[in-house]
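Every number in the working numbering is 2 more than the matching position in the sequence shown, counting from 1.
A virtual CB, placed ideally from N, CA and C, is assigned to each residue, including glycine.
Here the structure is a predicted model, which means the values were calculated and not measured.
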Amino acid sequence: MTDDSNEDEASLLAPLTDDDDEPLIDAAIMDSLLDEPCPRRVRKRQKDELVYLRKQVAELSAHLAALTNDNASKLQNCSTRWERVAQNQKMAAQQATMENARLKRSLEDQLHLATALDKLLVKRPRLAVMAVADTADWKLRRLPSEPAARAAALDAILTDAYENVESLFVRSRILDAAPGHRSLSVTEVDDTLCVAVESVAALPHTFMDASNNVWSFWATSDGLQLAFARYERLQMVGDDTVYCRVTASMDEGMPCIGMLYAIKRFVQDNRVIFVLKTILDDESYPWPRGLLIGNHTASIVVEAAGDNHSIRRMVVAGKISTQLPDESPLRGVPTTIGEVVLKIVRPVFDTLEFLLS
């Protein structure tokens, strides 16, 4: 290969990226280009492919920059809070659609791989496990016992809840509710009890003082009895995350519903948002058999409302199965599971309203 041809190939490789910290091209392609025995027609085809790839990189980069600038300008031009919320929801929906498409492709690839392995393998090894995409602990709301993995999963769960909290606000319209608004409902839909709680209260404190009072309740209370429920603080992670257990009982010593709550606060310019998400599986704190496990998402918002005044908003959206475990103490109770849950939730709601106000 001549020096001139080497210079031509180097000139083709150079424009592929503007980032000096990244490799210009895959090492395998580089080796194939610089290999002496490589036929001329192969080198020409590779050159043409590089030209095409360089063009694709430029077009896609320009398209990405245009989309980024367009989204940023749309957010800046929003005149009201609800416009910004709607724009954020639109972008979140687009991202979710792309993520679903990616997961679908990944699943299809795994199905093809599994089919191929079925044809190739006469006898599968007993311990062979097919890799499953995107089953990270935090996506399953599962906490491992290993400390580093546990902290990472907890942070990911709560960060995801915070990023999606606007959806909860939009569905409940809690941000539009006036002080004094409160509602509680328990409805059955397809073998599931849907629990919805909303509360808005005006507080005679600055939003930071009021939010500190809310946080103090979660972070310092332990062993607190709330009517039919018992609150226990299990773990603190840093200054803004607490992990707790809430156990509800119809009668003393007969727990029937359990919830493991992860709670984190996020401080903004004129408000503080608390996100609460239930953990569905915890290696360190397994539930005894017979309990119904609550699947809840909740948020408390404390926002400024003038000098030395604030508004506290609370919204809870939860689900509990109506299929009782065999060991459940609720079996044989003469009332429906919905009536039992309502009987438990109502006094707990009243007590929380009082304590958080």
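query, result
"Mind the definition here: the segment 184 to 193 touches the segment 236 to 253 only if three or more C-beta pairs lie below 8 Å; say whether that holds.", "no"
"Nearest-angstrom Cα distance between residue 72 and residue 261?", "42 Å"
"Mind checking which residues open and close the alpha helix (DSSP H) that includes residue 169?", "167 to 174"
"Taking only runs that begin and end inside the segment 312 to 348, name each unbroken alpha helix (DSSP H) of 4 or more residues, in chain order.", "none"
"Can you grab the Cα-Cα spacing for the pair residue 46 / residue 53, in whole Å?", "11 Å"
"Since I believe residue 353 is in contact with residue 228 (beta carbons under 8 Å), could you give me their beta-carbon distance rounded to a whole number of angstroms?", "5 Å"
"With distances taken from CA atoms, which of 286, 325, 148 is nearest residue 296?", "325"
"State yes or no: is the C-beta of residue 208 within less than 7 Å of the C-beta of residue 90?", "no"
"Here's the rule: buried if 16 or more other CB atoms are within 10 angstroms of the residue's CB, otherwise exposed. What is residue 75?", "exposed"
"Does DSSP classify residue 358 as helix, strand or coil?", "helix"
"When the distance is taken between beta carbons, is residue 199 closer than 7 Å to residue 186?", "yes"
"Can you check DSSP and say which residues form a bridge with residue 185?", "200"
"Would you be able to state if there are at least three C-beta pairs under 8 Å between the segment 302 to 316 and the segment 279 to 288?", "no"
"Verify whether the separation of the beta carbon atoms of residue 274 and residue 163 is less than 7 Å.", "no"
"With DSSP run on the structure shown, which of helix, strand or coil describes residue 141?", "coil"
"Give the straight-line distance between the Cα atoms of residue 142 and residue 152, rounded to the nearest whole angstrom.", "13 Å"
"Relative to the C-alpha of residue 285, which residue among 66, 145, 233, 42 is closest?", "145"
"What do you reckon, are the CB atoms on residue 160 and residue 266 nearer than 7 Å?", "yes"
"Do three or more CB pairs link the segment 228 to 240 to the segment 341 to 357 at distances below 8 Å?", "yes"
"Exposed or buried, which one is residue 240 when buried takes at least 16 other CB atoms within 10 Å?", "exposed"
"Take the Cβ of residue 304 as the centre, count every other Cβ of all protein chains shown within 10 Å, and call the residue buried at 16 or more, exposed below.", "buried"
"For the alpha helix (DSSP H) that residue 222 lies in, which residues bound it at each end?", "209 to 222"
"List in chain order: all unbroken beta strand (DSSP E) runs of 3+ residues lying wholly within the segment 250 to 304.", "256 to 269, 273 to 281"
"Nearest CA to the CA of residue 298: which residue from 307, 291, 79, 319?", "319"
"By the DSSP assignment, the beta strand (DSSP E) with residue 234 in it spans what residues?", "231 to 239"
"Where does residue 243 sit, in a helix, a strand or coil, going by DSSP?", "strand"
"Roughly how many angstroms separate the alpha carbons of residue 345 and residue 196, rounded to a whole number?", "14 Å"
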